[in-house]
């Protein structure tokens, strides 16, 4: 009841990260066994969304939106999460759908341009800080197959060792000609 929008399981599968508040102002943790809920991240200026747990269970990647800016942050999971937000993307980009790739400490995400292209950012496993610049993974510079043709909530990505899984809508069009029926 009143659980908000589920984002991800914790690494130990004992809890669910979810977003709640209006607007989405905080990230919570639901303990599946006890039903206990705890607010683990909130901010007075940022709307928070899409919390995802790192595979080792030590960090959370999430989206923070303030005004037109939308960026990905990483924070430790646990008591210190409230104060240590490390930007994984810069404020000049529009970033969405952060997803971790295994123990390699890579975050894959959509954004950084107007087509929703896929990017990745390597993070330092010890500090969670970005290592180097983000690199492009796949470009959708055709509106026919851009993730931007889907509503933001309808587009998803999943990352596995050698594959990215995503849903796209392919838009096609034709010009049709039909004879007019006789007027009686």
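Numbering (my numbering), first residue to last: 14 to 197. All C-beta atoms in this analysis are idealised placements derived from N, C-alpha and C, irrespective of residue type, glycine included.
Coarse secondary structure for residue i, derived from DSSP in three states
| i | result |
| --- | --- |
| residue 77 | strand |
| residue 39 | strand |
| residue 116 | helix |
| residue 17 | coil |
| residue 48 | coil |
| residue 9 | Outside the displayed span of the chain (14 to 197) sits residue 9, for which this structure offers no information. |
| residue 25 | coil |
| residue 137 | coil |
| residue 152 | coil |
| residue 90 | coil |
| residue 62 | strand |
| residue 191 | coil |
Residue j beta carbon less than 8 Å from that of residue i
| i | j | result |
| --- | --- | --- |
| residue 171 | residue 112 | yes |
| residue 29 | residue 61 | no |
| residue 87 | residue 64 | no |
| residue 109 | residue 124 | yes |
| residue 121 | residue 181 | no |
| residue 42 | residue 53 | yes |
| residue 27 | residue 45 | yes |
| residue 56 | residue 77 | yes |
| residue 89 | residue 24 | no |
| residue 12 | residue 66 | This structure leaves residue 12 out entirely; the chain is present only between 14 and 197. |
| residue 115 | residue 153 | no |
Interface flag, residue i vs chain B, CB-CB below 8 Å
| i | result |
| --- | --- |
| residue 136 | Judged by its chain identifiers, the structure shown contains no chain B, having just a single protein chain. |
Anticipated Cβ contact below 8 Å, residue i with residue j, distance rounded
| i | j | result |
| --- | --- | --- |
| residue 100 | residue 84 | 6 Å |
| residue 135 | residue 119 | 6 Å |
| residue 144 | residue 131 | 19 Å between Cβ atoms; not a contact. |
| residue 147 | residue 102 | 7 Å |
Bridge partners - residue i, DSSP secondary structure assignment
| i | result |
| --- | --- |
| residue 185 | In DSSP, residue 185 forms no bridge with anything. |
| residue 72 | 89 |
| residue 1 | Past the edges of the chain, shown from 14 to 197, lies residue 1, and the structure says nothing about it. |
| residue 54 | 40 |
| residue 30 | 21 and 42 |
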